[in-house]
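>
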Amino acid sequence: MSIESLHIVWIYPDLLSTYGDRGNLLILTRRAQQRGLPVEVSEIRSDQPLPNSADIYLIGGGEDGPQALGAQRLLADGGLHRAVAQGSVVFAVCAGYQMLGHSFFAKGTKCAGLGLLDLYSDRGPSRAVGELAGEIDPRLGLPALSGFENHGGRTHLGPEVAPLARVSTGVGNDGNTEGAWRGKLLGTYSHGPALARNPALADLLLRWALGINALPPLDDTWSDRLRAERAEAIAVRS
Ligand code: GLN
């Protein structure tokens, strides 16, 4: 492994942590430790400065009000932009994902995003709630995405990002594609938490952070069961 310990930052848990998104931090930490890699975790509240040079930054989902406040504070702080410029990994869910784009809507008002991903979000005709599944961009080499979504926004991708997945169940960005990625930045509408339901995605983030192509496999019996159970639920319903 190319670095001696992994520094993971959980951004603004006081504002952005819905539907168990904290589980992403727990899964990532655990999967690194199981490979013998020490992990340092920083939980940065919205009144604290963001470290500039951690290996992985995680942002969760949130209601419109906390989302708008979180974006304002991240823009004012500038730490995430500095980290991305230095090559840090960013994984963002739902409100966190929308915030990485150019703009999003919160409580009927257009808000400035961080502009780190070439996309913007507006509001859809109805709230997207339920299972979210799809085939992930083959270039990422991952099994199907499994998740849960609950959002009012719809997201439109520009040419500088690629969709994370093609939707087979649920809405994601717009009913066709779900999430987006560019370089080592990846956003998704998937809660669940996403990394518990998609451990291969957790390992992708670890590989990006470590600059390696493969990691020793882990016993994924429980996440395999969870994925199978959710796939079965979708099949029964449709
Ligand atoms: N407030 C955003 C929306 O409704 C994000 C919701 C969420 O993070 N679950 O689109």
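Residue numbers (the numbering used here): 5 to 242.
In this text, a Cβ means the ideal position worked out from N, Cα and C, and glycines have one as well.
Note that the structure is a prediction, hence the values are computed from the model and not measured.
#1: Quick one, which of ALA218, ASP51 and GLY187 has its alpha-carbon nearest ALA204's?
#2: I want to check one thing, is the minimum distance from the CB of HIS155 to the heavy atoms of the ligand GLN below 7 Å?
#3: Taking the alpha-carbon positions, what's the GLY27 to PRO163 distance?
#4: Going by CA-CA distance only, name the one from ALA110, PHE108, VAL43 and GLY145 that's closest to ASN202.
#5: Taking 7 Å as the cut-off, does the CB of CYS115 come closer than this to any heavy atom belonging to the ligand GLN?
#6: Please confirm whether any heavy atom of the ligand GLN lies closer than 7 Å to the CB of GLU135.
#7: Would you mind sorting GLU44 into buried or exposed? The rule is 16 or more other CB atoms within 10 Å of its CB.
#8: For the ligand GLN, is there any heavy atom lying closer than 7 Å to the beta carbon of GLU44?
#9: Could you work out which residue in SER172, THR159 and ALA200 is closest to GLY183 when comparing CA atoms only?
According to the data block:
#1: ALA218
#2: yes
#3: 31 Å
#4: GLY145
#5: no
#6: no
#7: exposed
#8: no
#9: THR159
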